[in-house]
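Colleague: The structure's right below; bear with me while I get my questions together.
Number of protein chains: 2
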Amino acid sequence: MKRAILAAVALAAVAGAAKAEDGYDLWLRYRPLEKAVIARDVPYASAIMAQGASPTILAAREELQRGLSGLLGKRVPLATALKSGTILIGTPKDLAIAKLALPLEKAGAEGYVIKTVGRTTVIAGNSDVGALHGAFAYLRLVQTRGMLNSLDIVSAPKIGLRMLNHWDNVDRTLERGYSGISIFNWWELPGHLDPQYKDYARANASLGLNGTVLTNPSGVSAATSLETAWIKKAAALAGVMRPYGIKVYLSVRFSAPMEVGGLKTADPLDPQVRQWWKDKADEIYTLIPDFGGFLVKANSEGQPGPQDYGRSHADGANMMAEALAPHHGIVLWRAFVYSPSPEDRVKQSYNEFKPLDGKFLPNVIVQSKNGPLDFQPREPFSPVFGGLPNTSTGMEFQITKEYLGFEIHLVYLAPLWQEVLRSDTFAKGEGSTVARVVDGSLFQRPLSSIAGASNIGTARNWSGSIFDQANWYAFGRLAWDPDLDSKTIAEEWLKQTFTADPKFVEPVTEMMLGSRETAVDYMTPLGLAHQMATSHHYGPGPWVDDAGRPDWNPVYYARADENGIGVDRTATGANAVSQYAAPVAKAFSDPKATPENLLLWFHHLPWSYAMPSGGNLWESLVHHYAHGVNKVAEMQTRWQAMKPFVDAERFQITADFLAMQKENAELWRDGSIAYFQSVSHLPLPDGVPAPAHPLSFYKSLKLPFAPGSPGRTASPFALTGK
Amino acid sequence: MKRAILAAVALAAVAGAAKAEDGYDLWLRYRPLEKAVIARDVPYASAIMAQGASPTILAAREELQRGLSGLLGKRVPLATALKSGTILIGTPKDLAIAKLALPLEKAGAEGYVIKTVGRTTVIAGNSDVGALHGAFAYLRLVQTRGMLNSLDIVSAPKIGLRMLNHWDNVDRTLERGYSGISIFNWWELPGHLDPQYKDYARANASLGLNGTVLTNPSGVSAATSLETAWIKKAAALAGVMRPYGIKVYLSVRFSAPMEVGGLKTADPLDPQVRQWWKDKADEIYTLIPDFGGFLVKANSEGQPGPQDYGRSHADGANMMAEALAPHHGIVLWRAFVYSPSPEDRVKQSYNEFKPLDGKFLPNVIVQSKNGPLDFQPREPFSPVFGGLPNTSTGMEFQITKEYLGFEIHLVYLAPLWQEVLRSDTFAKGEGSTVARVVDGSLFQRPLSSIAGASNIGTARNWSGSIFDQANWYAFGRLAWDPDLDSKTIAEEWLKQTFTADPKFVEPVTEMMLGSRETAVDYMTPLGLAHQMATSHHYGPGPWVDDAGRPDWNPVYYARADENGIGVDRTATGANAVSQYAAPVAKAFSDPKATPENLLLWFHHLPWSYAMPSGGNLWESLVHHYAHGVNKVAEMQTRWQAMKPFVDAERFQITADFLAMQKENAELWRDGSIAYFQSVSHLPLPDGVPAPAHPLSFYKSLKLPFAPGSPGRTASPFALTGK
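Residue numbers (full-length UniProt numbering), protein chains in the order written: chain W, 1 to 722; chain S, 1 to 722.
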């Protein structure tokens, strides 16, 4: 049999070369383990037994069979009776499971127990979905070469709603997506269900995600998707997701009662409007009985909202919440709101929502971006976390790398997210971390949620690059357990995605862990933010002061002049520090107590400011840029050494992208240094190369071919008839 | 070994289920043949020997090895010495080939000889590319279960330039594409070459195509792609295509000297403009030494052109031709021009180009759509074919089914193309078929060309549906030999794509062959045309009279009123018949001599007109609509019976699409009948069901989710910032 498999692999290498290792399999690759590991594991996985025939149990059984057959290199059969080495999966409805003394009380509604009983491995949940999550956890264990002989695992998710947010438009374009177009082919729905939908559900379920918002909260997609024809399309997708424990949500546009319903107003206090939302909710639940709810972007960046009628965010959210409540639906109301006002943009979200704390209905979650600005390479945590003790506050992370080099730059985001989740808000004294706000435990909230803006598209490797799969993976793992460690997650992902060989896993883990700081260094070191070029955001634009609104201008965020750089957000300035709890505010008010990596976020300092880490501010800033580029070069060298461990296709795309990242990092370094030097008039420190071109060159650069460039997504490409 | 393979296949079915038969392999599937065929073929394909190390010979060798190893179920080795059963591939530069008496004089520059000599199979060309084409032809032969024991084949392409035209924009959107977005990822070029590019080249080379126009001739893509950064991107693609004998072309915008060059005019007689094009051509050839040339859409549908400066199409084309001539480049100048003038739109192309006949430089080809209108389900051949004896006249077919149901409807287009190619222009007496115009033989033209507007995109199956792959395939085969038969091509494609089992091939061939007439029946029977809904073109709109211009209105093309229907294009009307040679004009002038399937194209007739095939015109029209729908239902039934022969994924997408086609065919039938009955006021013939809804219903329908719908591709989806 082994000979057969080897022959088959050799043959496949010839005949199916085009399909080999293109990244589609993600971390569910299930390629044969090393021989010794197979020999070790086989006695514990000789067959699979699953009572019950719910679609979820069948999905779990199918996944176990697919996974183990691949990993062990032979077809693992289904069993009808328990024998030594059988994997038994199910819930206590299965008597064989019920009679075991499993600690299921700790597994919650969606968690699982995995326990070795004799040579039987029991995978159990209180629900079918819990058992499914257990099956994926077990397969992760096998893939990461865990020992199977004495398992005793209990796991339950700490956060209630764990979801992807797709910024996918109904025409399949992606806002801030760098991986093709939306995998949701609305045109062909509901008539045809692409097989990829199931693989999407599998991948998400393997991480324990339990929700997906199918459409973009910006733009008319969020109205269109409420039309009956579209709800039927969403219902078809919901049918694919359901066995995998994933609920479908839709973004909705506040003005939908007008655009879809033909009403003359969308005033949330208007009885007709309120009735329209109730009727629409009833219609949706008729077609999608387990529909999750609505995601709303209102009164932000031109989107309509309750303030258009002199009403508050609470008025708007509660109207929808009332419509959804009878069906147990949820409103996710985005806290990302700001307007071109004299108030510091980073203060506006807190200012809007703080007075509304406690005014939201129980089925409303206020969903805030991790930082107070906009998914920058580094920001402090948003003061909304900890600031709203009487509001369920959800976390919104950005998996798609809008500000971190698109699909090209290798940036592992778990360290960023971990930094945020472990930040201490001090809202209820020390230990009041953002993670404890988000999981609801700090304020004993009935609801808790975490969302990631998806990086998934039609690219064969899903995310545009292989390493961006790690960000999808890491988001899902942190959603299940926000206390997980970035390093653990990276190792898990690498072992499943490539190989468990420590000669590969160790250096590449290290590379991943440092990659985010590297990007911060060459893009926005020392607490700088929003220094990117307009619209496309790929490359530097620190000189930009004409982006349409002051708060879209990089100069607004660096305030660099001949005297110094940075934004004074202490009490002598914008006083953003006042939005944080006292111990945090105190630290952020003092340059010496502010973490150096957030220094310029909170303080305007002279170029000569003596840095605690040595040198003055000017020198330190320039060194960070240079260091970032050097680190990318190191990543390139390191990856080249990994060639023996990686298949050709996945090796090459990563090598190519690292070369492109290097080029763009140099652009960031040189463009930024050229600009800041033009205002500081200071010489470059020794060892830092002068920019290759004058500042005018960097200013003149356009990237018309970068996703998100103006002109690229605009009307020149409209239909002309042919 | 066989046991090993079977085991491997079984295992693959479990482990790699997600990848199984998604259509990516096209007709180059190379799955194991039936056992008996393998036993029969193995002695003739035991090894592969190829002297020479040109990239093209290496590509041929690689393809033979990949293909035969897959087909024969064992790795076929490379040989270093000729033994019994070896396949010998190369050119006469290889002495072992030179000493054989092969009829290479008939193979031309790109053709091939395949000949059995003893047990050696010799595949030879006068060029490496000829040998490559031979390798693909040989693999086609093996896949279609041809006998290998006494091969004696010579083949050469009849048409010089055989190319795909991509209407792909530089932002990767497709104009009239229904298969995702462009496979050309301009953003990542030239830094990363997606492996799919090579598979694209392989597929095209397997058909003998030798050119590809990478970008859309409409819109700013055709200017952008002339910027230096973009030429470098095109050069990277050219590098992938080159070993496969495929030259890269670019669409160019006539105003590019202004948009890219910063000049104040694009007047083709302006010396600066002429110099700009020369310089641009020089630049391109520095980066792409074998660059093919330019495709131009000028003074058509709002595109800029020489007439903007009072110059002629010849002035414009010749300017570019002069720039390209030193490099042996070609200008493909589209004849698809019309303006909102009182003249019948179908006459305008001929009217424009007839006076210019003989005025184009030798490296200019005037490229005309097959019909005088616009890729309708049926049109007569364009009088441009045969009308320009002193001009190289190229054929433009549309592979993408803009007017034939997108990727959803199963419509095999070879019968349409065959109908056109076999049409007799009588330009030089009987036998002056369109095919003889296009291959250049009728008028002894130095250049000949055929182009197909591509249906390829990022959809995993390339074309959006499995059966649309057949249209790509058929186009390529007809480009090589326009005298090939639709049936032969369908059988070839089915055997390679699915199975050679006659219980599958025979009924499905029949289904394919009838499918185009079926679509004509439910869309535009009896010579009707342009009855589709505005913009998206998916569904009926015979009532539309407000599409912006008279010649965009379906009512302009049916002229239906209570007295009758059809357009009088005889001498008593628009006199379009006068553009054809006398015998053709005479036939088209007489309703009795006009083919019934073109009747209403040329004649306005009373509803009571007695049809030669029986009944009156009204009854016949209605019966055609009804018949079309019935035939789709038959296709559904037939496909269901094919389930045992087709893998699950490809079976299901086809079954789903047939169900959607049925629904849309009913819409065409009911909407068309409802409208025409509203003007004819006549009762429906017995047996034809009344439309399910009143006419107002069909008029009210919008398909905002159909590709090409207004609002779907327009600005509501522009960036909003997030």
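Where is the CB? At the ideal position from N, CA and C, for every residue including glycine.
Straight-line CA distance for I231/W to S225/W?
Modeller: Spanning the two alpha carbons is a distance of roughly 6 Å.
Colleague: Give the interface partners of I89/W over in chain S, defined as CB-CB distance under 7 Å, in chain order.
Modeller: Going along chain S, no residue has its Cβ under 7 Å from I89/W, so there is no contact; the nearest lies around 17 Å.
Colleague: Grouping DSSP H, G and I as helix and E and B as strand, with all else coil, what is T572/W?
Modeller: Three-state DSSP puts T572/W in coil, outside helix and strand.
Colleague: Note down, in chain order, each residue of its chain lying with its Cβ closer than 7 Å to the Cβ of I159/W, except the 5 sequence neighbours on either side.
Modeller: Here the set comprises V438, D439, S448, S449, I450, A479 and P482.
Colleague: Taking the beta strand (DSSP E) that R334/S falls in, what are its first and last residues?
Modeller: Taken as a continuous stretch (DSSP letters only), the beta strand (DSSP E) holding R334/S covers I330 to R334.
Colleague: Could you check whether the segment 529 to 538 of chain S touches the segment 570 to 579 of chain S, counting it as contact only if at least three pairs of C-beta atoms, one from each stretch, sit closer than 8 Å?
Modeller: No, the segment 529 to 538 of chain S does not touch the segment 570 to 579 of chain S.
Colleague: Would you identify the three-state DSSP class for G125/W, choosing helix, strand or coil?
Modeller: Coil.
Colleague: Between L332/S and V296/S, which are expected to be in contact by the criterion C-beta below 8 Å, what is the C-beta distance as a whole number of angstroms?
Modeller: Contact holds; Cβ gap of about 7 Å.
Colleague: Cβ of D656/W less than 7 Å from any chain S Cβ?
Modeller: Closer than 7 Å to some Cβ of chain S, the Cβ of D656/W qualifies, so yes.
Colleague: State the DSSP-derived secondary structure class of G16/S, mapped to helix, strand or coil.
Modeller: A caution first: G16/S carries a pLDDT of 39, below 50, which makes its placement in the model unreliable, though a value can still be read off. DSSP places G16/S in coil when its eight states are reduced to three.
Colleague: If you run the structure through DSSP and keep just helix, strand and coil, what is F294/S?
Modeller: Strand at F294/S.
Colleague: Closer than 8 Å is the cut-off here; do at least three beta carbon pairs connect the segment 619 to 628 of chain S with the segment 491 to 507 of chain S?
Modeller: Counting Cβ pairs under 8 Å, fewer than three are found: no touch.
Colleague: Strictly under 7 Å for the Cβ-Cβ distance: is H166/S near chain W by that measure?
Modeller: For H166/S, the answer is no, since every Cβ of chain W falls outside 7 Å of its Cβ.
Colleague: Less than 8 Å between the CB atoms is what I'm expecting for G180/W and G457/W, so what's the real figure, rounded?
Modeller: That pair is a contact at about 4 Å.
Colleague: Can you find a heavy atom of the ligand NAD that lies under 6 Å from the Cβ of A633/W?
Modeller: This structure simply doesn't include the ligand NAD, nor any ligand for that matter.
Colleague: In chain W, what lies closer than 9 Å to G180/S by C-beta?
Modeller: In chain order: R172, G180, I181, N185 and T458.
Colleague: Give the DSSP-derived three-state secondary structure of R712/W in the structure shown.
Modeller: In this prediction, R712/W scores a pLDDT of 45, lower than 50, which makes its location untrustworthy; the coordinate-derived value is nonetheless stated afterwards. Coil at R712/W, not helix or strand.
Colleague: Please list the partners that P707/S has in chain W, where partner means a Cβ-to-Cβ separation under 7 Å.
Modeller: W187, listed in chain order.
Colleague: Can you name the start and end residues of the alpha helix (DSSP H) that M163/W belongs to?
Modeller: Note, M163/W: premise wrong, no alpha helix (DSSP H); beta strand (DSSP E) at L161 to N165.
Colleague: What is the DSSP secondary structure of V260/S, counted as helix, strand or coil?
Modeller: V260/S: coil per DSSP, three-state reduction.
Colleague: Hey, quick one: how far does the beta strand (DSSP E) through S578/S stretch, first residue to last?
Modeller: That residue, S578/S, is in no beta strand (DSSP E); it is neither H nor E in DSSP.
Colleague: Under DSSP, the beta strand (DSSP E) around F657/W begins and ends at which residues?
Modeller: Premise fails: F657/W lies in the alpha helix (DSSP H), A648 to S680, not in any beta strand (DSSP E).
Colleague: Express the C-alpha separation of T637/W and T509/W in angstroms, rounding to a whole number.
Modeller: Cα to Cα, the separation comes out at about 15 Å.
Colleague: Against chain W, does E322/S count as a neighbour if the rule is that its beta carbon must be under 7 Å from one of theirs?
Modeller: Not closer than 7 Å to any Cβ of chain W, the Cβ of E322/S fails to qualify, so no.
Colleague: Could you name the residues of the same chain whose beta carbon sits closer than 6 Å to that of M512/W, not counting the 5 residues immediately before and after it, in chain order?
Modeller: The answer, listed in chain order, is Y412 and A490.
Colleague: Whole angstroms are fine: how far does the CA of P32/W sit from the CA of L11/S?
Modeller: Bear in mind that the predicted position of L11/S carries a pLDDT of just 43, short of 50, making it too unreliable to give a figure here.
Colleague: Name the chain W residues that come within less than 7 Å of P704/S, Cβ to Cβ?
Modeller: Within chain W, the residues near P704/S are T224.
Colleague: Express the C-alpha separation of I408/W and P595/S in angstroms, rounding to a whole number.
Modeller: One C-alpha to the other measures close to 58 Å.
Colleague: Relative to the C-alpha of D194/W, which candidate in H693/S, G708/S, N563/S and F657/S has its C-alpha closest?
Modeller: Closest by alpha carbon: F657/S.
Colleague: Can you give the Cα-Cα distance for V170/S and T534/W, rounded to whole angstroms?
Modeller: When rounded, the distance between both Cα atoms is 20 Å.
Colleague: Does the Cβ of F697/S have 16 or more other Cβ atoms within 10 Å, making it buried, or fewer, making it exposed?
Modeller: Result: exposed.
Colleague: Spatial neighbours of I5/S within its chain, please: C-beta separation below 6 Å, excluding the five flanking residues on both sides.
Modeller: Any reading at I5/S must be qualified, since the residue scores a pLDDT of 43, below 50, and its modelled position is unreliable; the value itself is stated next. Same-chain partners within the cutoff: G73.
Colleague: Which parts of the segment 191 to 268 of chain W are runs of the beta strand (DSSP E), unbroken and 3 residues or longer, counting only runs that do not cross its ends?
Modeller: Counting whole runs of 3 or more residues, the segment 191 to 268 of chain W contains the beta strand (DSSP E) stretches 211 to 213 and 247 to 252.
Colleague: Which residues bound the beta strand (DSSP E) around G476/W?
Modeller: From DSSP, G476/W is part of no beta strand (DSSP E) but of the alpha helix (DSSP H) over Q469 to W480.
Colleague: Between Q51/S and D94/S, is the Cβ-Cβ spacing less than 7 Å?
Modeller: Contact flag set, yes.
Colleague: Hey, V248/S and T212/S are a contact pair by Cβ (cut 8 Å); roughly how many whole angstroms apart?
Modeller: Yes, they are in contact, since the Cβ atoms of V248/S and T212/S sit about 6 Å apart, within 8 Å.
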